[in-house]
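Numbering (the numbering used here), first residue to last: 8 to 426. Using N, Cα and C, we set each Cβ at its ideal position, and we do this for glycine too. Computed from a prediction, not measured in an experiment: that's the story for all the values here. Only one structure is covered here, and it is reproduced in the block below.
In structure tokens form, the structure reads like this:
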């Protein structure tokens, strides 16, 4: 049994684009026709080296200087050897003449206030550099932890009108086990959120949207609506590092084997049991698909499949059904389930490992929300997975003889036999 959902986005948003901020170049001051008392001249003088008048880069040894005078002072201020002036012992030091008289240049360095006691030796420089690198690393680490944890707090807030902007009372820091640090756990939740971000993107014009907007939807319309979610599932999977660890054959087999099961889980999130309809967040218009759409499908299977979906829906607690992150993790557990169609030993090991990791993530997340009661919710998962396998195995003929193939998208027809 599959469930209708949102339409296709043909141009997914690109990920990982970094905006490069190029600092503006500092223009050299124009020395012609400047009023020495003007504000512009005052600003210009603040940017010039106090020793030679060249463009300054910052404060060095207590005085604003250029890089050249900074390096000159560091090399020579502590040297025991005294320089000799080849001229009149009173050389004018500027950006050109500074090369010709070391004695007068060094004397001017001291005259403007440069302090030789501020010069660090090699060991002091090494310690300062290491300290700066450690501070930068700590700051970056704190930013990442803050970003991932706050992203996770947002995800952990219950869906619905009562959602709060404040973090949950049980922070991610409490989720500790031998599966990884809290920071690493938050990082994985962040990647799950990013992978599923496009699932609810606004709908584009096309046959899929037209199918959803119809008041009376045919079996072909239902397939067109499912086509959207199928394509989005493929795009979602490509964003997952776990999926990209697989071979090409492994990726294809994984999607082929898990597609209908993921559609069914997605249908749980979008289904309103009170009104008996599926809705979509991708349309501004109020559009829905009634569960009575089953009545148009294969008469030998439709009633059984309808009841199987309703039983599957009811196995989950209402809080689970309304939580986007929980539903996303269940879909990943379903996607990364060991299957007989996966033949490559390396792919099988990768899938088994990620299946266990996603199960552990779901367990941690439920513990963070419900504490000791989480195990009751988590115990539902094996039963739910068995029910999904039964639904998937028996729905291949659900659309048989009910669809005009010229009206239906080709992708769903790879999963549902229509003729």
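Item                                                                                                                                                                    : Value
Where do the N-terminal and C-terminal ends of the alpha helix (DSSP H) with residue 1 fall, by residue?                                                                : There is no way to answer for residue 1, as the model of the chain reaches only from 8 to 426.
Taking the DSSP output, what are the residues bridged to residue 67?                                                                                                    : 70
How many Å lie between residue 196 and residue 79 at the Cα?                                                                                                            : 53 Å
Return yes when the Cβ of residue 267 is within less than 8 Å of the Cβ of residue 402, no when it is not.                                                              : yes
For residue 295, report the span of its beta strand (DSSP E) as first-last.                                                                                             : 295-297
Here's a check: name, in chain order, each residue in its chain whose Cβ is nearer than 6 Å to the Cβ of residue 244, leaving out the five neighbours to either side.   : 250
For residue 224, which of 205, 302, 282, 254 has the nearest alpha-carbon?                                                                                              : 302
Taking all protein chains shown into account, decide if residue 423 is buried (16 or more other Cβ within 10 angstroms of its Cβ) or exposed.                           : buried
Output needed for residue 419: all residues of its chain with C-beta closer than 6 Å, excluding positions within five of it in sequence on either side, in chain order. : 230, 233, 234
Give me the DSSP bridge partner(s) of residue 279.                                                                                                                      : 284
Please identify the residue among 257, 110, 95, 383 whose C-alpha is closest to the C-alpha of residue 327.                                                             : 383
Given a cut-off of 8 Å on the beta-carbon distance, is the pair residue 203 and residue 329 in contact?                                                                 : no
In the DSSP assignment, what are the bridge partners of residue 55?                                                                                                     : 62
Would you mind stating whether residue 281 and residue 406 have Cβ atoms separated by less than 8 Å?                                                                    : no
Say whether the segment 255-269 touches the segment 340-349, bearing in mind that this needs 3 or more beta-carbon pairs closer than 8 Å, one atom from each stretch.   : yes
Mind reading off the beta-carbon distance from residue 387 to residue 322? Whole number of angstroms is fine, and I expect it under 8 Å.                                : 6 Å
Give a yes or no on whether the C-beta atoms belonging to residue 373 and residue 385 are separated by under 8 Å.                                                       : yes
Just tell me which of 92, 253, 67, 391 has its CA closest to the CA of residue 354.                                                                                     : 253
If you draw a straight line from the C-alpha of residue 96 to the C-alpha of residue 130, how long is it?                                                               : 36 Å
Just the C-alpha distance for residue 295 and residue 275, rounded to the nearest angstrom, thanks.                                                                     : 14 Å
If I follow the unbroken alpha helix (DSSP H) through residue 126, where does it start and stop?                                                                        : Segment: none, residue 126 is in no alpha helix (DSSP H) and carries neither H nor E.
Can you grab the Cα-Cα spacing for the pair residue 124 / residue 112, in whole Å?                                                                                      : 18 Å
When DSSP labels each residue in this structure, what does residue 402 get in the three-state scheme?                                                                   : coil
Is it buried or exposed for residue 348, if we count other Cβ within 10 angstroms and need 16 for buried?                                                               : exposed
Would you kindly report the start and end of the unbroken alpha helix (DSSP H) that includes residue 103?                                                               : Taken as a continuous stretch (DSSP letters only), residue 103 belongs to no alpha helix (DSSP H), as it is neither H nor E.
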